[in-house]
Amino acid sequence: AKTHKIAVIAGDGIGKEVMPEGLRVVEAAARRFGISLEFTTFDWAHCDYYVQHGKMMPDDWFEQLKGFEAVFFGAVGWPEKVPDHISLWGSLLKFRRDFDQYVNLRPVRLMPGVPCPLANKKPGDIDFYVVRENTEGEYSSVGGKMFEGTDRELVLQEAVFTRKGVDRILKYAFDLAQSRPKKHLTSATKSNGISISMPYWDERVAEMGKTYPDVKWDKYHIDILTARFVLSPERFDVVVASNLFGDILSDLGPACAGTIGIAPSANLNPDRTLPSLFEPVHGSAPDIFGKNIANPIAMIWSGAMMLDFLGQGDANYRAAHDAIVAAIEKSLVEGPRTPDLGGNGNTTDVGKAIAALI
Ligand code: NAD
Ligand code: IPM
Ligand code: MN
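Numbered according to full-length UniProt numbering, the sequence shown spans residues 2 to 359.
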């Protein structure tokens, strides 16, 4: 069997606490399903490295990582040591762009055993994907400052939407919608206020929609869409959004489904010419770091998504993914659970319990 090369980067804060549990469970699943993985750990792309070296990563980071199939990634950011835009544009956002990981796939699911903050929701009622554009849009480095320090100070930051960039994320989202029973897609827009890029986005959605006659699609302005996430999450199946709107929706969705501590994400280069990256949706959580109470499930579920991706549709890898998700579900019902879920279990206990269920 093929050996898959995986780069491991834990990053900052709770990234360092949840990563060992992600590895523990992925390794258990790989053993059970006879999947061969080779992990290589990199001790950079974290803020202590920046403090020592004046940069987040060595200059040859791209060369060092480009041969891996996947990067298993914790979280980056420690604002007390390094401003967030420096640490993130110096690491994670570089990976997404330079490795052309244009799909950020973020499942949102109400799991059994998880207390839901919305009234009268049961597992199955919340089960959708946020498909976030991951390389352009509002996350641009085009802009600048003028007249700094004067009363004419001016700050400009452009959003960038390319035909190729918009169409490829829409195609991915429509394909995903087509593969699901509901075959439904929702596009996040804001074409009333953002008067150039968002009408363009809408136009491309309508155009793409024509080539998927069996997919029903609709669109909502981002403001009312956030309200609908809270009031009627059961109506969503695949939600496609630009970079910033997708970022916001992918914290809101998991919060509606109980906790951001379990929300996984896959940053995909679907062409597989360069590594894809698998990481929790959440960040380094400085407020709880050092206590071993972070929920490791987001990291673990991201590992399941990584195995599925490595298998390229192979049934054995799919089974490994499904076994991890089933073990997560069972552990959420039986415990132990971390404090974000009202439990008093710790990070290590949860990781070990899930690994034991594999
Ligand atoms: P955060 O996601 O780190 O934390 C938000 C809140 O959720 C905190 O109260 C935290 O304790 C809680 N939380 C997060 N993950 C949890 C888990 N697994 N279990 C239990 N509780 C959890 O967001 P933030 O506070 O805005 O950001 C902190 C730092 O992380 C910043 O530097 C930010 O830029 C960075 N960040 C990085 C990523 C990433 O690497 N992908 C994502 C988001 C934020
Ligand atoms: C995420 C994070 C990042 C983003 C930050 C840390 C730059 O919030 O992965 O959702 O905005 O994409
Ligand atoms: Mn985010």
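By construction, the Cβ of each residue, glycine as well, lies at the ideal position given by its N, Cα and C atoms. Note that this is a predicted model, so its numbers are computed, not measured.
Asked                                                                                                                                                  : Found
What residues come near the ligand IPM, if near means a beta carbon less than 5 Å from any of its heavy atoms?                                         : L89, D248
Rounded to a whole number of angstroms, what is the C-alpha to C-alpha distance between V240 and L186?                                                 : 6 Å
Going by beta-carbon coordinates alone, are A46 and I7 separated by less than 8 Å?                                                                     : no
Assuming A328 and I359 make a contact with CB atoms under 8 Å, what is their CB distance in whole Å?                                                   : 5 Å
Using the C-alpha atoms, what's the distance from V83 back to G91?                                                                                     : 11 Å
Find the nearest neighbour of A31 within the set F290, E154, M307, K146, judged by alpha-carbon distance.                                              : M307
Looking at L333 and G23, is the spacing between their C-beta atoms short of 8 Å?                                                                       : no
Quick check: is any heavy atom of the ligand MN less than 7 Å from the C-beta of D44?                                                                  : no
Looking at the secondary structure, which residues open and close the alpha helix (DSSP H) in which V27 lies?                                          : 16-34
Using the Cβ count rule (16 or more neighbours within 10 Å means buried), how would you classify L155?                                                 : exposed
Taking the continuous beta strand (DSSP E) assigned at N268, which residues delimit it?                                                                : 265-269
Can you check whether the CB of N293 is closer than 8 Å to the CB of F34?                                                                              : no
Do you know how far the Cα of V206 is from the Cα of K184?                                                                                             : 15 Å
In this structure, how does DSSP classify Q102 when only helix, strand and coil are distinguished?                                                     : coil
I'd like the list of long-range same chain contacts for I289, defined as Cβ closer than 7 Å, with 5 residues on each side in sequence excluded.        : I15, A295
Does the stretch 229-236 come close enough to the stretch 260-276 to have 3 or more Cβ pairs within less than 8 Å?                                     : no
Is K220 helix, strand or coil when you go by DSSP?                                                                                                     : strand
For the ligand NAD, any of its heavy atoms closer than 7 Å to the Cβ of S303?                                                                          : no
Can you tell me whether L157 is buried or exposed? The criterion is at least 16 other CB atoms within 10 Å of its CB, across all chains shown.         : exposed
DSSP has D128 in a bridge; who is on the other side?                                                                                                   : R110
Within the chosen definition, does the stretch 191-209 reach the stretch 253-260 through at least 3 CB pairs nearer than 8 Å?                          : no
Please confirm whether T136 and D168 have their CB atoms less than 8 Å apart.                                                                          : no
Return the residue from the list F73, M57, E335 that minimises the CA-CA distance to L89.                                                              : M57
Is V167 near the ligand MN - that is, is its Cβ less than 7 Å away from at least one heavy atom of it?                                                 : no
Can you name, in chain order, every residue of its own chain whose Cβ lies under 7 Å from the Cβ of L171, other than the five neighbours on each side? : R205, V206, M209, V241
Entirely within the stretch 56-94 and at least 3 residues each: give me those beta strand (DSSP E) ranges in chain order.                              : 71-76
Could you check where the alpha helix (DSSP H) with P277 kicks off and where it finishes?                                                              : Note that residue 277 corresponds to Ser in the displayed sequence, not to Pro. It is not in any alpha helix (DSSP H) - S277 instead sits in the beta strand (DSSP E) that spans 277-281.
Would you give the residue range spanned by the alpha helix (DSSP H) that residue 447 belongs to?                                                      : The structure shown does not extend to residue 447, since the chain is modelled only from 2 through 359, so no value can be given for it.
Give the straight-line distance between the Cα atoms of D323 and L226, rounded to the nearest whole angstrom.                                          : 30 Å
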